[in-house]
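Going line by line, the protein sequences match chains A and B. Counted the way UniProt numbering counts, the first sequence spans residues 1 to 140. Counted the way UniProt numbering counts, the second sequence spans residues 1 to 140. Written below as C-alpha cells is the structure these notes are about.
There are 2 protein chains.
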Amino acid sequence: MNLPIGELSRRTGVKVPTIRFYEQIGLLSAPPRTEGNQRRYGKPEVERLNFIRHSRELGFEVEDIRELLEMAASPQASCHQADSIARNHLTEIDRRIASLSALRGELTRMVEECGHGRICDCRIIEVLADHGECVTEHAH
Amino acid sequence: MNLPIGELSRRTGVKVPTIRFYEQIGLLSAPPRTEGNQRRYGKPEVERLNFIRHSRELGFEVEDIRELLEMAASPQASCHQADSIARNHLTEIDRRIASLSALRGELTRMVEECGHGRICDCRIIEVLADHGECVTEHAH
DNA sequence: CTAGGACCTCTAGCCACTAGAGGATCAAGG
DNA sequence: CCTTGATCCTCTAGTGGCTAGAGGTCCTAG
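As C-alpha cells, then:
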C-alpha cells in the first residue's frame, strides 16, 4: 500500500489532476512523498477519495463534502448536521426532478408537434418563448 | 417601451449583469443607447430574453440557444435542426432524470436510515463511504 | 544504462455567470 | 435650476470544479 497517484486514480475513478486539485483545495491532505518528490498514498486515502467521489456523484458540493468529512472524523459527534445536509440536498434534487419532468413534457410535445414545416409553425420556438405567439413575429 | 436595463431585468427575471453578459457573448444584440450611453430596450428584447431565460431553465446550453435563435430569425428555414437539438436534449434529459431519481432513492434511504445518533451509526456517512464499515475507522 | 511511461509544478482555460470598484446619468422633489 | 440617490456605465477579477498543456524530473523494466 504505497500507491503512486496514478494507481490511486485507477482505484477510485478520480482523475489524476483532480486528485491534485483536491489536495490543493484541502479536501485531501498532502500525502508523504518519495525521495524524488512523488506522492505515495495508503488505504485511508483510497477510502477518503472514494467517499469524495461518491458524494460528488450524488451531487454534493465540495463544501458539503468538506463538512461531511469533518463529521466523519469525529465519530462521537451527533449526525444531525449530516442529516440536514442530506435533507437539503434531497429538496434540491426534488426541485430539479420536477423541473426536468416539466421540461421533458414540453420537449416531447415540441418534438411531436413539429410538423417539419417552417419555423413559424414550430412549437419548439414557441414553447421556449414562453407565450402563445410565434417568436419570429416579435417585431410587430 | 423604452426600457432601461433594470426594467428589462425585472420583466424577464434575468439579472442586470447577466443581460450585459449575454450582449457581450452575442446572445443579445447591442441595443440603442440614450445620449448618456444607457441601454434602452423594446418588446423584441423582452421576448428574446424570455426565450433565452426559459431555454436556460430547461437546461439548454448557450450554444444550443444561439442555434435556436438563429433558426427563429430565419422563419423560412426548416425546423429539422431545431427538432434535432430538442431530440438530443430530450435524450439527455431522460438520462438526467433517471440518474437524479436513483440519487433521490439513495438519499431518501440515507436520510431515513440515519438514526440521529452518533456519526459511527449514521447511514449517511456509511453510504457515502461506499462500503460496509464506518468511514471513521479508516485510520486503523 | 537507457527508454519511455508516469510523475512533478505551474499557468491558463472552460462555462455561465457574479461581484466590486470607480465613475456617469437620470428622474423626482425642493 | 439644483440636488439627491437610485440606476446606469465599463472594466477587471473571482466563482466552482475541474481540464489541458508546457516543460521538466523520476522510476522501473529490459
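Glycine included, every Cβ here is placed at the ideal spot set by N, Cα and C. Just so you know, these numbers come straight off a predicted model, no measurement behind them.
If we define contact as Cβ-Cβ less than 8 Å, is residue i a contact residue for chain A?
i: glycine 59/B; result: yes
i: leucine 90/B; result: yes
i: valine 135/B; result: The predicted model places valine 135/B with a pLDDT of 33, which falls under 50 and marks its position as unreliable; any figure quoted below should be read in that light. At least one chain A Cβ lies under 8 Å of valine 135/B.
i: isoleucine 5/B; result: no
i: methionine 1/B; result: no
i: alanine 129/B; result: yes
i: arginine 96/B; result: yes
i: arginine 66/B; result: no
i: glycine 132/B; result: Any reading at glycine 132/B must be qualified, since the residue scores a pLDDT of 31, below 50, and its modelled position is unreliable; the value itself is stated next. False, the Cβ-Cβ gap to chain A never drops below 8 Å.
i: histidine 138/B; result: Confidence at histidine 138/B is low in this model, with a pLDDT of 32, below 50, so the placement of that residue should be treated as unreliable; the coordinate-derived value is given next. Cβ-Cβ to chain A under 8 Å: yes for histidine 138/B.
Does the beta carbon of residue i come closer than 8 Å to any beta carbon on chain B?
i: serine 101/A; result: yes
i: alanine 86/A; result: yes
i: aspartate 83/A; result: yes
i: valine 111/A; result: yes
i: asparagine 50/A; result: yes
i: arginine 39/A; result: no
i: glutamate 35/A; result: no
i: alanine 72/A; result: yes
i: glutamate 47/A; result: yes
i: leucine 107/A; result: yes
i: arginine 56/A; result: no
With DSSP run on the structure shown, which of helix, strand or coil describes residue i?
i: arginine 39/A; result: strand
i: leucine 69/A; result: helix
i: leucine 3/A; result: strand
i: arginine 10/B; result: helix
Who are the Cβ neighbours of residue i in its own chain at under 6 Å, not counting the five residues just before and after it?
i: arginine 11/A; result: Val46
i: lysine 43/B; result: Met1
i: leucine 3/A; result: Tyr41
So is the beta-carbon of residue i under 7 Å away from any non-hydrogen atom of the ligand PLP?
i: lysine 15/B; result: Annotation note on the ligand PLP: not contained in the displayed structure, which lists no ligands.
Ignore the nearest five residues each way along the sequence and tell me which others in residue i's own chain have a CB closer than 8 Å to its CB.
i: isoleucine 25/A; result: Val62
i: isoleucine 5/B; result: Val16, Ile19, Arg20, Gln38, Arg39, Tyr41
i: residue 141/A; result: Lying outside 1 to 140, the shown extent of chain A, residue 141/A is not represented and no answer is given.
i: isoleucine 52/B; result: Val14, Tyr22, Leu27, Leu28, Ile65, Leu69
i: glutamine 81/A; result: Glu67, Met71
i: phenylalanine 60/A; result: Leu68, Ile85, His89
Verify whether the separation of the beta carbon atoms of residue i and residue j is less than 8 Å.
i: proline 31/A; j: arginine 40/A; result: yes
i: arginine 96/A; j: leucine 90/B; result: no
i: leucine 68/A; j: valine 14/A; result: no
i: valine 111/B; j: alanine 86/A; result: yes
i: leucine 128/B; j: isoleucine 93/A; result: no
i: leucine 58/A; j: glutamate 106/B; result: yes
Residues in its own chain within less than 7 Å of residue i by CB, not counting five upstream and five downstream?
i: glutamate 23/A; result: Ala30
i: threonine 34/B; result: Arg40
i: glutamate 133/A; result: Reliability fails at glutamate 133/A, whose pLDDT of 32 lies under 50, so the model's placement of it is uncertain and the value that follows must be treated cautiously. Excluding positions up to five away in sequence, the list is empty.
| task | Could you list the residues in the region 10 to 31 of chain B with a C-beta less than 9 Å from some C-beta on chain A, going in chain order? | result | none
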